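What follows is a set of notes on a single structure, which appears directly below.
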Amino acid sequence: MPSDHTLFNVFAAVFAALALSSGIAAVLKWRLAPGASSAVIDNLNARINAWWWMVGVLAVAFWIGEGGIIALFAVISFQALREYISLTHTRRGDHRALAWCFFFFLPAQYVLIASHWYGLFSILIPVYAFLLLPISATLGSDAERFLERAAKVQWGLMICVYCISHVPALLTLEIPGFEGHNAQLIFFLVLTVQSSDVFQYVWGKLFGKRKLAPAISPSKTLEGLVGGVLTSTALGAALFWMTPFTAWQAALVALTINIVGFFGGFVLSAIKRDRGVKDWGTLIEGHGGMLDRVDSISFSAPIFFHIVRYWWV
Amino acid sequence: MIEKLFALLLCHFAKLLTGVRPLWQGCAPEPRLRVYFANHRSHGDFVVVWAALPPELRRRTRPVAGADYWLNGGFKTWLINKVFHAVLVDRRPERDGPNPVDQMAEALRAGDSLILFPEGTRNLGEDLQPFKSGIYHLACQMPQVEFVPVWIENLGRVMPKGALVPVPLLCTLTFGAPLTLQADETKPEFIDRARSALLDLAPPAN
Numbered sequence: 057m058p059s060d061h062t063l064f065n066v067f068a069a070v071f072a073a074l075a076l077s078s079g080i081a082a083v084l085k086w087r088l089a090p091g092a093s094s095a096v097i098d099n100l101n102a103r104i105n106a107w108w109w110m111v112g113v114l115a116v117a118f119w120i121g122e123g124g125i126i127a128l129f130a131v132i133s134f135q136a137l138r139e140y141i142s143l144t145h146t147r148r149g150d151h152r153a154l155a156w157c158f159f160f161f162l163p164a165q166y167v168l169i170a171s172h173w174y175g176l177f178s179i180l181i182p183v184y185a186f187l188l189l190p191i192s193a194t195l196g197s198d199a200e201r202f203l204e205r206a207a208k209v210q211w212g213l214m215i216c217v218y219c220i221s222h223v224p225a226l227l228t229l230e231i232p233g234f235e236g237h238n239a240q241l242i243f244f245l246v247l248t249v250q251s252s253d254v255f256q257y258v259w260g261k262l263f264g265k266r267k268l269a270p271a272i273s274p275s276k277t278l279e280g281l282v283g284g285v286l287t288s289t290a291l292g293a294a295l296f297w298m299t300p301f302t303a304w305q306a307a308l309v310a311l312t313i314n315i316v317g318f319f320g321g322f323v324l325s326a327i328k329r330d331r332g333v334k335d336w337g338t339l340i341e342g343h344g345g346m347l348d349r350v351d352s353i354s355f356s357a358p359i360f361f362h363i364v365r366y367w368w369v
Numbered sequence: 002m003i004e005k006l007f008a009l010l011l012c013h014f015a016k017l018l019t020g021v022r023p024l025w026q027g028c029a030p031e032p033r034l035r036v037y038f039a040n041h042r043s044h045g046d047f048v049v050v051w052a053a054l055p056p057e058l059r060r061r062t063r064p065v066a067g068a069d070y071w072l073n074g075g076f077k078t079w080l081i082n083k084v085f086h087a088v089l090v091d092r093r094p095e096r097d098g099p100n101p102v103d104q105m106a107e108a109l110r111a112g113d114s115l116i117l118f119p120e121g122t123r124n125l126g127e128d129l130q131p132f133k134s135g136i137y138h139l140a141c142q143m144p145q146v147e148f149v150p151v152w153i154e155n156l157g158r159v160m161p162k163g164a165l166v167p168v169p170l171l172c173t174l175t176f177g178a179p180l181t182l183q184a185d186e187t188k189p190e191f192i193d194r195a196r197s198a199l200l201d202l203a204p205p206a207n
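In structure tokens form, the structure reads like this:
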């Protein structure tokens, strides 16, 4: 049975790992010839600095408790949806539907999660938004590219709100013998998937040779993918003691969410290429926008939620 | 005092609501005498251009606005005169007041830059409307002034004409390379050059 200091300890470990990374990055920068500068090392430093902020915010949300975590992911959804719709071509006739997305469906989804209403939060967007948003768009009396516009709005709502909301939804699961510790599942999911992104970046930078799909994401390599996914799967397995899983189960679950998470980043890269941009935004220095950071979480969260719900609840 | 505070609050509010991100692509934000000319989709357009300028430039930059819309007494009039220090022009052809081009040239001579929407009115369509000729006449009167194209992306989608609720999208402002009137340039040539310079900054249509 995990003790109540579990989350405190694991956050302390993450901060220690960040301190180590900052140290390594500082040494790399210091070893550069005087006056020289390297875009890769500057970007590395910017990325690590942003991680301090992101882990800090996450730690505060965990410390506040369920309300803090739900509010944090609502804000993440809001920013991600903002970035998505900003880069997606909609027309004047969609304005009403967009207002519904931001000011009704997004808050409603998180209110339903806060009230643990599984029956409704799992269908609000796939059923009700799916049917009501195109109705609202037809009231804009503009049929040009109608199907394309309706699909884009629904897809953005699914990725940015519905999928991401499955992270705090983990708090609603009633797992026998694990009561009061659900926040640790969130920590497991976020750490495993995000560390997979980090390890893919590190493995890719150190050993990356074979490009995976240059037409979609120029920086992703086979070496980065395999090395990154396996390293963070090992990390996930090592964290089994803070989950309801055994070590092997934890490894299998971590492998699954890492692979799904990888493809999440891949799919959202394809959209970015199509729109001719490199990043979704500029919110997080060194990383790009919010959606650049949470693309893998968005794809893995619902899968993780349903794996746990099916076999452990 | 209250005007300055209100201006600051409005700037922060505009930045928060629109996440406005200026991209200085063709020039740097320098304190030179300029006419920033932009596409016009929303009443908020000049506010975001104004808010995106660095504070020292913002203090010496005045929007050009239509008197018929803003001069109806009350809050709107106070806002446009005291907070934005706008150059208010009468857009009606049958006006008996001063010529708008003379008013703009006078503001430039006093050392203030301008924010101008050469389409003349808000554009409800997807593309850029033809420019009014005022921009050319202004360039003839003030040939030393730099005309900087500014493409405003997304703001028309935040608050289209007739909408009640703004949608919180992120806006991008792209500042292009400055234009000046060439020695032997005719009116259609200059207007065409200015319009293409602005269109070149627009992201590729979907």
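Top to bottom, those sequences are chains A and B.
Just remember that our numbering sits 56 ahead of the position in the first sequence, which is counted from 1.
Just remember that our numbering sits 1 ahead of the position in the second sequence, which is counted from 1.
Cβ coordinates follow ideal geometry from the N, Cα and C atoms, glycine included.
Quick caveat, the model's predicted, so the values are computed rather than measured.
Problem - 8 Å Cβ cutoff, residue 212 of chain A in contact with chain B - result: Locating residue 212 of chain A in the first sequence gives position 156, where the first residue counts as 1. It does not: the Cβ of residue 212 of chain A has no partner Cβ on chain B nearer than 8 Å.
Practice task
Output the boundary residues of the beta strand (DSSP E) element that contains residue 89 of chain B.
Solution key: Position 88 of the second sequence, counted from the first residue, corresponds to residue 89 of chain B. Per DSSP, residue 89 of chain B belongs to the beta strand (DSSP E) from 88-90.
Exercise for the section: Enumerate in chain order the residues of its own chain whose CB-to-CB distance from residue 92 of chain B is below 6 Å, with the five nearest sequence positions on each side excluded. Expected result: On the second sequence, position 91 is the one that residue 92 of chain B refers to. 67, listed in sequence order.
Handout entry: Spatial distance of residue 335 of chain A from residue 253 of chain A (CA atoms)
Key = Position 279 of the first sequence holds residue 335 of chain A. Position 197 of the first sequence holds residue 253 of chain A. Answer to the nearest angstrom: the Cα atoms are 15 Å apart.
Handout entry: Strand pairing of residue 24 of chain B, partner residues [DSSP]
Key = Numbered from 1 along the second sequence, position 23 holds the residue referred to as residue 24 of chain B. B:175, per the DSSP bridge assignment.
Handout entry: With 16 other Cβ atoms within 10 Å as the buried cut-off, status of residue 276 of chain A
Key = As a working mapping, residue 276 of chain A is identified with position 220 in the first sequence. Under a 10 Å Cβ-count criterion, residue 276 of chain A is classified as buried, with 16 or more other Cβ atoms of the shown protein chains found around its own Cβ.
Exercise for the section: Output the distance between the C-alpha atoms of residue 359 of chain A and residue 148 of chain A, rounded to the nearest integer angstrom. Expected result: Position 303 of the first sequence, counted from the first residue, corresponds to residue 359 of chain A. Position 92 of the first sequence, counted from the first residue, corresponds to residue 148 of chain A. Between residue 359 of chain A and residue 148 of chain A, the C-alpha separation is close to 35 Å.
Practice task
Tell me the start and end of each unbroken beta strand (DSSP E) in the segment 139-212 of chain A that is at least 3 residues and wholly inside, in chain order.
Solution key: Correct list: empty.
Practice task
Grab me the residues of residue 192 of chain B's own chain with a C-beta within less than 7 Å of its C-beta, minus the 5 sequence neighbours each way, in chain order.
Solution key: Residue numbering aside, residue 192 of chain B sits at position 191 when the second sequence is read from its first letter. Contacts found: 132, 134, 136, 137.
Problem - Beta carbon of residue 223 of chain A nearer than 8 Å to that of residue 314 of chain A - result: Translated into positions along the first sequence, residue 223 of chain A becomes position 167. Translated into positions along the first sequence, residue 314 of chain A becomes position 258. Taking 8 Å as the cut-off, the beta carbon of residue 223 of chain A is found no closer than this to the beta carbon of residue 314 of chain A.
Handout entry: Partners in chain B for residue 151 of chain A, counting only beta-carbon separations shorter than 8 Å
Key = Numbered from its first residue, the first sequence carries residue 151 of chain A at position 95. Result: 158, 161, 164, 168.
Problem - Local conformation of residue 34 of chain B per DSSP, three classes - result: As a working mapping, residue 34 of chain B is identified with position 33 in the second sequence. DSSP places residue 34 of chain B in coil when its eight states are reduced to three.
Practice task
Just confirm the distance between the C-beta atoms of residue 4 of chain B and residue 83 of chain B, as a whole number of angstroms; I'd bet it's less than 8 Å.
Solution key: Residue mapping note: residue 4 of chain B aligns to position 3 of the second sequence, counting from 1. Residue mapping note: residue 83 of chain B aligns to position 82 of the second sequence, counting from 1. With a Cβ gap of about 5 Å, residue 4 of chain B and residue 83 of chain B count as contacting.
Handout entry: Validate contact between the segment 113-122 of chain B and the segment 46-64 of chain B using beta carbons, cut 8 Å, 3 pairs
Key = yes
Handout entry: Residues bridged to residue 152 of chain B (per DSSP)
Key = Indexing the second sequence from 1 puts residue 152 of chain B at position 151. Paired residue(s): B:175.
Practice task
Determine the direct distance from the alpha carbon of residue 144 of chain A to that of residue 338 of chain A, and round the result to whole angstroms.
Solution key: Taking the first sequence and counting its residues from 1, one reaches residue 338 of chain A at position 282. Taking the first sequence and counting its residues from 1, one reaches residue 144 of chain A at position 88. Going by the C-alpha atoms only, they are around 16 Å apart.
Exercise for the section: Can you grab the Cα-Cα spacing for the pair residue 341 of chain A / residue 132 of chain A, in whole Å? Expected result: The residue given as residue 341 of chain A occupies position 285 in the first sequence. The residue given as residue 132 of chain A occupies position 76 in the first sequence. Whole-angstrom Cα-Cα distance: 16 Å.
Handout entry: Where residue 124 of chain B meets chain A, residues with beta-carbon distance less than 8 Å
Key = Translated into positions along the second sequence, residue 124 of chain B becomes position 123. Per Cβ cutoff of 8 Å: no residues; residue 124 of chain B is ~11 Å from chain A at best.
Exercise for the section: Ignoring anything shorter than 4 residues or poking outside the segment 41-84 of chain B, list the alpha helix (DSSP H) runs there in chain order. Expected result: Listed in chain order, they are 46-53, 56-59, 68-71, 75-79.
Exercise for the section: Mark residue 141 of chain B as exposed unless 16 or more other C-beta atoms lie within 10 angstroms of its C-beta, in which case mark it buried. Expected result: Counting from 1 along the second sequence, the entry for residue 141 of chain B is found at position 140. That one is exposed.
Exercise for the section: Measuring only between beta-carbons, confirm whether residue 207 of chain B sits less than 8 Å from chain A. Expected result: Translated into positions along the second sequence, residue 207 of chain B becomes position 206. Any reading at residue 207 of chain B needs caution, since the residue's pLDDT is 46, under 50, leaving its predicted position unreliable; the model's value is listed next. Yes - at least one Cβ of chain A is within 8 Å of the one on residue 207 of chain B.
Exercise for the section: Take residue 226 of chain A as the anchor and find which of A:258, A:246, A:317 has the nearest alpha-carbon. Expected result: The count along the first sequence starts at 1 and reaches residue 226 of chain A at position 170. Checking every option, the nearest Cα to that of residue 226 of chain A belongs to A:246.
Practice task
Could you check how far apart the C-beta atoms of residue 48 of chain B and residue 11 of chain B are, in whole angstroms? I think they sit under 8 Å.
Solution key: If you number the second sequence from 1, residue 48 of chain B lands on position 47. If you number the second sequence from 1, residue 11 of chain B lands on position 10. Residue 48 of chain B to residue 11 of chain B, Cβ: 7 Å. Contact.
Exercise for the section: Could you tell me which chain A residues have their CB closer than 8 Å to the CB of residue 22 of chain B, listed as they occur along the chain? Expected result: One-based indexing of the second sequence puts residue 22 of chain B at position 21. The contacting residues are 338.
Handout entry: Partner residues on chain B for residue 67 of chain A, Cβ-Cβ distance less than 8 Å
Key = By 1-based counting over the first sequence, the position of residue 67 of chain A is 11. The contacting residues do not exist; residue 67 of chain A stays about 30 Å from chain B at best.
Handout entry: Any 3 or more C-beta pairs closer than 8 Å across the segment 94-114 of chain A and the segment 315-333 of chain A
Key = no
Exercise for the section: Could you work out which residue in A:296, A:288, A:158, A:260 is closest to residue 279 of chain A when comparing CA atoms only? Expected result: Taking the first residue of the first sequence as 1, we reach residue 279 of chain A at position 223. That would be A:260, whose Cα lies nearest to the Cα of residue 279 of chain A.
Exercise for the section: Give a yes or no on whether the minimum CB-CB distance between residue 155 of chain B and chain A is below 8 Å. Expected result: Taking the first residue of the second sequence as position 1, residue 155 of chain B is located at position 154. Chain A contact via Cβ: present.
Practice task
Give every residue of the same chain whose Cβ lies closer than 7 Å to the Cβ of residue 109 of chain B, excluding the five residues on either side of it in the sequence, and list them in chain order.
Solution key: Numbered from 1 along the second sequence, position 108 holds the residue referred to as residue 109 of chain B. Excluding residues within five positions, the ones whose Cβ falls inside 7 Å are 34, 115, 143, 146.
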